[in-house]
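What follows is a set of notes on a single structure, which appears directly below.
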Amino acid sequence: VNEQHDAFAHVLEAWLDLGGDYEDPDAVVERVVAQLPEARQDRQAWGMFGGPVMRGALNPYSAAVAIFVMAVAGLWLLAPAGGGLGSASPPPIVTPTASATATPTSGSPSIGPWFLDGNLVPGARYYTGDDRTASFQVPVSGWRVDQGVRLVKGHNGDPFLTLVYLAHLPPTVVYDDPCRHTAMNLPAEPSAAQLAVALSESDAMHVVRPPVPVTIDGRVGVTLTLGAPAATCDDYWLWADGPTCPDCGVFTAEEWGDPDATMAIWIVEAGGELRWLTASFGPAPLDDIQREVEQTMESIDWDP
Amino acid sequence: MDVDLVVRAQRGDADAFTRLASDATPRFLGIAHRILRDIDVAEDATQRALLSMWRRLPTLHEPERFEAWAYRILIRACYDEGRAARRWDPAVSLLPADDAEEVDPFGAVIDRDQLERAFRRLSLDHRAVVVLRHYRHMSIEEVADALAIPAGTAASRLHYALRALRSAVEADARPGREVIVS
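Chains as they are written, first to last, in the numbering used here: chain P, 1 to 304; chain S, 1001 to 1182.
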């Protein structure tokens, strides 16, 4: 039987090798590269518990460590606002450069785009992206920007124990069956409440705090808190932001990271679209940090 | 595989991603072509996979595991493109007839078309595991990693895929002996 099996495997491998090589792989690469400017990379909240730069920092985080992430994707921070709370005025747009290096940001003209670290002083800050500029308040000292997309606050001597991300792409797909990857029937343009309900009713989700109404910058919205999903299969899909392909921007249970982590989500209706903000906490989040998160969310001004 | 390129691509460096894509594309096309049995669909799957990789790169936790991660995305893209193209009917497979005669069809030359027809009757799951194991010569552990399934499942899937393939070839050699189940 083994000899027969080996003979068949040999024949099979010879047959598979017959396919030959594709004549012009470069043409395929060129077509893909041409689409890269339009294909935005995922830089949403799901980087927060294990993004490539954070891994080393997050591994040691364990008990009593609060991690919070506020996400507004594809953005970079700009100059601190000139005035105090409520008196911010938009700064000139600063063109980000890849050669940016770590710089304390107190009074500095720019932070970003993705690679830059820098300390943040309390007060109004701007962020921009997707042809939009908005502002928010850094409530207290101790926060700094990291990777240009997240705010970081140290705790107990660890510079990465508290993290804040900036992103804002709402998912367009919520998976009803996370193992079979079947999507929930969402309206083409769901309201904040509809999306929140879909998230809370999906079998993939573990709801810690059910949806409740919220207002940010005078816009109505919903907030809810999810716990780490109890994944029962590989590729346990929670949601995706794939308007053009079903597996683009898939957020999996694996990417959730720490099993004790929770994620608070704010979904706000603004300008005919949904804004998606998240704040994520590690085990036993500190009350102070939760308050700072709420203050930051409530301070967002989308039309400064 | 250059981890530094992966990290740079994760940070949005399109040039770094282009180099990764240029390196991976010939392999991807070869795998997709063999799974999907259609070069146009394979090309679509490869493009889809590469774009998906670009979008999702920042979510890759371990840059050093880029290769296995990339294979997973490619296989998923093959599934999606294959379903869209409807080039096969995965509900139909072949089982050996109970009264199969003791014959050794592999002692003789197997017609390429026989293998082609038999292979097309395999489900996508089975095709993927066969291609990764017998075309890319991956270990069972590597196949399992690429398909995001346990090694035991990969081994079992390969066993049944080869059995189904052999049975299909045998049935093809003996017209009228095939058993079609759905």
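The beta carbon of each residue, even a glycine, is placed where N, CA and C say it ideally should be.
Original post:
Rounded to a whole number of angstroms, what is the C-alpha to C-alpha distance between Ala1049(S) and Arg1136(S)?
Top reply: Within the second sequence, residue 1049(S) is the residue found at index 49, counting from 1. Within the second sequence, residue 1136(S) is the residue found at index 136, counting from 1. Roughly 18 Å separates the two Cα atoms.
**OP:** Quick one: measure Cβ to Cβ for Pro211(P) and Ala198(P), integer angstroms, because I've assumed they're closer than 8 Å.
**Re:** Here residue 211(P) is taken as the residue at index 211 of the first sequence, counted from 1. Here residue 198(P) is taken as the residue at index 198 of the first sequence, counted from 1. That belief does not hold up - the Cβ atoms of Pro211(P) and Ala198(P) are roughly 10 Å apart, past 8 Å.
**OP:** Specify whether the stretch 1155 to 1175 of chain S and the stretch 1114 to 1126 of chain S touch according to this definition: at least 3 beta carbon pairs, one from each stretch, less than 8 Å apart.
**Re:** yes
**OP:** Find the residues of chain S that neighbour Pro25(P), judging by a C-beta separation of less than 7 Å, and give them in chain order.
**Re:** Here residue 25(P) refers to the residue found at position 25 of the first sequence. Correct list: Thr1025, Pro1026 and Leu1029.
Subject >> Simplified DSSP assignment, three categories, for Val1129(S) >> reply: Residue 1129(S) sits at position 129 when you count from the first residue of the second sequence. Val1129(S) falls in the helix class under three-state DSSP.
**OP:** Give the residues of chain S in contact with Asp235(P), contact being defined as C-beta atoms less than 7 Å apart.
**Re:** As a first step, residue 235(P) must be located in the first sequence, where it is residue number 235. Within 7 Å Cβ-Cβ: Ala1148.
Subject >> Rounded distance between the beta-carbons of Ala39(P) and Leu1051(S), thought under 8 Å >> reply: Here residue 1051(S) corresponds to residue number 51 of the second sequence, with the count starting at 1. Here residue 39(P) corresponds to residue number 39 of the first sequence, with the count starting at 1. Sure, about 5 Å apart at Cβ, within 8 Å.
Subject >> Nearest-angstrom Cα separation, counted from Ala27(P) out to Val33(P) >> reply: Translated into the one-based positions of the first sequence, residue 33(P) becomes position 33. Translated into the one-based positions of the first sequence, residue 27(P) becomes position 27. The straight-line gap from Cα to Cα measures roughly 10 Å.
**OP:** Just the C-alpha distance for Ala253(P) and Phe1066(S), rounded to the nearest angstrom, thanks.
**Re:** Within the first sequence, residue 253(P) is the residue found at index 253, counting from 1. Within the second sequence, residue 1066(S) is the residue found at index 66, counting from 1. Distance from the CA atom of Ala253(P) to the CA atom of Phe1066(S), rounded to whole angstroms, is 19 Å.
Subject >> Straight-line Cα distance separating Arg1072(S) from Glu1142(S) >> reply: Locating residue 1142(S) in the second sequence gives position 142, counting from the first residue. Locating residue 1072(S) in the second sequence gives position 72, counting from the first residue. Straight-line spacing of the CA atoms in Glu1142(S) and Arg1072(S) works out to 11 Å.
Original post:
So, helix, strand or coil for Gln295(P), using DSSP?
Top reply: In the first sequence, counting from the first residue as 1, residue 295(P) sits at position 295. Under the three-state reduction of DSSP output, Gln295(P) falls in the helix class.
Subject >> Delimiting residues of the beta strand (DSSP E) encompassing His206(P) >> reply: As a first step, residue 206(P) is located in the first sequence; it is residue number 206 there, counting from the start. Counting along the chain, the beta strand (DSSP E) containing His206(P) begins and ends at His206 to Ile216.
Original post:
So does the stretch 1012 to 1028 of chain S actually touch the stretch 178 to 187 of chain P, counting three or more Cβ pairs closer than 8 Å?
Top reply: no
Original post:
For Gly221(P) versus Trp276(P), is the C-beta spacing smaller than 7 Å?
Top reply: Walking along the first sequence from the start, residue 221(P) turns up at place 221. Walking along the first sequence from the start, residue 276(P) turns up at place 276. Going by C-beta atoms, Gly221(P) is not nearer than 7 Å to Trp276(P).
**OP:** Measure how close the beta-carbons of Ser135(P) and Asp287(P) come, nearest whole angstrom, since I'm counting them as under 8 Å.
**Re:** What you label residue 135(P) is simply residue 135 of the first sequence in a count that begins at 1. What you label residue 287(P) is simply residue 287 of the first sequence in a count that begins at 1. Your pair Ser135(P) and Asp287(P) does not check out as a contact, with CB atoms roughly 26 Å apart and the cut at 8 Å.
Original post:
Along chain P, which residues have their Cβ under 7 Å away from the Cβ of His1134(S)?
Top reply: Numbered from its first residue, the second sequence carries residue 1134(S) at position 134. By Cβ distance, chain P contributes Ala9, Leu12, Glu13 and Leu16.
Original post:
Are the Cβ atoms of Pro139(P) and Thr296(P) separated by less than 7 Å?
Top reply: Taking the first residue of the first sequence as position 1, residue 139(P) is located at position 139. Taking the first residue of the first sequence as position 1, residue 296(P) is located at position 296. Result yes, Cβ atoms of Pro139(P) and Thr296(P) sit closer than 7 Å.
**OP:** Taking Ala1171(S) as the query, report the chain P residues whose CB atoms sit under 8 Å from its CB, ordered along the chain.
**Re:** Reading the second sequence from its first residue, position 171 is the one you call residue 1171(S). Those within 8 Å of Ala1171(S) in chain P number zero; the least Cβ separation is about 14 Å.
Original post:
So is Gln1047(S) in contact with chain P if we call contact Cβ pairs under 7 Å?
Top reply: Counting from 1 along the second sequence, the entry for residue 1047(S) is found at position 47. At least one beta carbon of chain P lies nearer than 7 Å to the beta carbon of Gln1047(S).
**OP:** Consult DSSP for Gly1107(S) and reduce its assignment to one of helix, strand or coil.
**Re:** Here residue 1107(S) is taken as the residue at index 107 of the second sequence, counted from 1. In this predicted model, Gly1107(S) has a pLDDT of only 41, less than 50, meaning its place in the structure is not dependable; the value taken from the coordinates is given anyway. It is helical.
**OP:** Name, in chain order, the residues that DSSP records as bridge partners for Tyr175(P).
**Re:** Looking up residue 175(P) in the first sequence gives position 175. Bridge partners of Tyr175(P): Ala183(P).
**OP:** Can you tell me the Cβ-Cβ gap for Ala1070(S) and Ala1024(S), rounded? I've got them flagged as a contact below 8 Å.
**Re:** As a working mapping, residue 1070(S) is identified with position 70 in the second sequence. As a working mapping, residue 1024(S) is identified with position 24 in the second sequence. That pair is a contact at about 6 Å.
Original post:
Is DSSP giving Pro234(P) helix, strand or coil here?
Top reply: For the purposes of this step, residue 234(P) is taken as the residue at position 234 of the first sequence. Per the sequence presented here, residue 234(P) reads as Asp, with Pro not at that position. Residue state, collapsed to three classes: coil.
**OP:** Note down, in chain order, every chain S residue with its Cβ under 9 Å from the Cβ of Ala231(P).
**Re:** Counting from 1 along the first sequence, the entry for residue 231(P) is found at position 231. Within 9 Å Cβ-Cβ: nothing; Ala231(P) doesn't reach chain S, min ~12 Å.
Original post:
How is the alpha helix (DSSP H) around Trp1054(S) delimited, first residue to last?
Top reply: Residue mapping note: residue 1054(S) aligns to position 54 of the second sequence, counting from 1. Segment Ile1039 to Arg1056, the alpha helix (DSSP H) holding Trp1054(S).
Subject >> Beta carbon proximity, Gly1152(S) to chain P, threshold 7 Å >> reply: Within the second sequence, numbered from 1, the residue matching residue 1152(S) stands at position 152. For Gly1152(S), the answer is no, since every Cβ of chain P falls outside 7 Å of its Cβ.
Original post:
Can you tell which of Asp235(P), Pro37(P), Glu13(P) and Trp239(P) has the C-alpha that lies nearest to the C-alpha of Val173(P)?
Top reply: Stepping through the first sequence from its first residue, residue 173(P) is reached at position 173. Among Asp235(P), Pro37(P), Glu13(P) and Trp239(P), the Cα nearest to that of Val173(P) is on Trp239(P).
**OP:** Decide if Asp130(P) is buried, meaning its Cβ has at least 16 other Cβ atoms within 10 Å, or exposed.
**Re:** The residue labelled residue 130(P) in the question sits at position 130 within the first sequence. Caution is warranted here: a pLDDT of 47 is assigned to Asp130(P), below 50, making its placement in the model unreliable, and the coordinate value is therefore given only provisionally. Exposed is the label assigned to Asp130(P), since fewer than 16 other Cβ atoms lie within 10 Å of its Cβ.
Original post:
At which residue ranges does the stretch 1135 to 1163 of chain S contain complete beta strand (DSSP E) runs of 3 or more residues, listed in the order of the chain?
Top reply: Taking only runs of at least 3 residues, no beta strand (DSSP E) segment lies wholly in the stretch 1135 to 1163 of chain S.
Subject >> Closer than 7 Å to chain S by CB, Ala305(P) >> reply: No answer is possible for residue 305(P): it lies beyond the span of chain P, which begins at 1 and ends at 304.
Subject >> Helix, strand or coil at Gln1010(S) according to DSSP, with G and I counted as helix >> reply: Stepping through the second sequence from its first residue, residue 1010(S) is reached at position 10. Three-state DSSP puts Gln1010(S) in a helix.
Original post:
Using a beta-carbon distance cut-off of less than 9 Å, what residues from the stretch 185 to 198 of chain P approach chain S?
Top reply: none
Original post:
Between Val11(P) and Leu18(P), what straight-line distance do the alpha-carbon atoms span, to the nearest angstrom?
Top reply: As a first step, residue 11(P) must be located in the first sequence, where it is residue number 11. As a first step, residue 18(P) must be located in the first sequence, where it is residue number 18. Spanning the two alpha carbons is a distance of roughly 11 Å.
Original post:
Under a CB-based cut-off of 7 Å, is Val28(P) close to chain S?
Top reply: Position 28 of the first sequence, counting from 1, holds the residue named residue 28(P). True, the Cβ-Cβ gap to chain S drops below 7 Å.
Subject >> Under 7 Å from the C-beta of Glu1043(S): neighbouring residues of chain P >> reply: Mapped onto the second sequence, residue 1043(S) falls at position 43. Correct list: Val28.
Original post:
Helix or strand or just coil, what does DSSP make of Val222(P)?
Top reply: In the first sequence, residue 222(P) corresponds to position 222, counting from 1. Val222(P) falls in the strand class under three-state DSSP.
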